[in-house]
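Throughout the sequence shown, residue numbering follows mature numbering (1 follows the signal peptide of the UniProt record, and there is no 0), covering -19 to -1, 1 to 80 in sequence. From the three backbone atoms N, C-alpha and C, an ideal C-beta is built for every residue, glycine too. All values reported here derive from a predicted model rather than from experimental measurement. To keep things clear, I will list the structure first and then write my remarks on it.
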Amino acid sequence: MRPSLLALTLLLLAATAQADSLRCGSRLISSGDSASDVLERCGQPVDRAYLGNRIVVGDWGQREEVRVEEWIYGPWNGMLYFVRLRGNRIDAIQSKRSN
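Here it is in structure tokens:
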């Protein structure tokens, strides 16, 4: 029973360690990077969309309202990249084939 529990724990840790990332030329941005890092490495986005505000609860129960934005980059090699920023940090990076 113990080896299977250890294997499950390691699998969960490996799954949470994976981060969204995007290569901008020779530079890389990843989840958790700041908006200024994105601008420095990838330049100005093609478009920006304000998605609203969200309340985030911190580790100690403190509540904070943060701005949520989506920045669009590309098309690069036929792909559009959507960088979602929550509270001035990258929350997610998604891609979609452009037409």
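Item checked: Inter-residue spacing [alpha-carbon to alpha-carbon] between E46 and Y31 -> Numbered from its first residue, the sequence shown carries residue 46 at position 65. Numbered from its first residue, the sequence shown carries residue 31 at position 50. Distance between the alpha carbons of E46 and Y31: 14 Å.
Next item on the list: Check whether the region 52 to 64 touches the region 33 to 44, taking contact to mean three or more Cβ pairs, one atom from each stretch, closer than 8 Å.
Entry: A contact between stretches requires three or more CB pairs, one per stretch, nearer than 8 Å, and the region 52 to 64 fails this requirement with the region 33 to 44.
Check: Just curious, the alpha helix (DSSP H) that I17 is in, first and last residue?
Finding: If you number the sequence shown from 1, residue 17 lands on position 36. Reading off the sequence shown, one finds Ser at residue 17, where the question assumed Ile. Start and end: A16 to C23.
Item checked: Whole-number beta carbon distance between I71 and V27, since they are thought to touch under 8 Å -> As a working note, residue 27 is residue 46 in the sequence shown. As a working note, residue 71 is residue 90 in the sequence shown. Not quite, the Cβ-Cβ distance comes to about 17 Å (not below 8 Å), so this is no contact.
Notebook entry, point to check: Whose C-beta lies closer than 6 Å to the C-beta of R65 among residues of the same chain, with five residues either side of it excluded?
Noted result: Position 84 of the sequence shown, counting from 1, holds the residue named residue 65. In chain order, E51, D72 and A73 place their CB closer than 6 Å to the CB of R65, counting only its own chain and leaving out the 5 sequence neighbours on each side.
Check: In angstroms, rounded to a whole number, what distance separates the CA positions of V49 and R22?
Finding: Within the sequence shown, the letter at position 68 stands for residue 49. Within the sequence shown, the letter at position 41 stands for residue 22. Using only the alpha carbons, I get a separation of about 20 Å.
Notebook entry, point to check: Among all the DSSP beta bridges, which residues are the ones paired with G33?
Noted result: Walking along the sequence shown from the start, residue 33 turns up at place 52. As a beta-bridge residue in DSSP terms, G33 pairs with V49.
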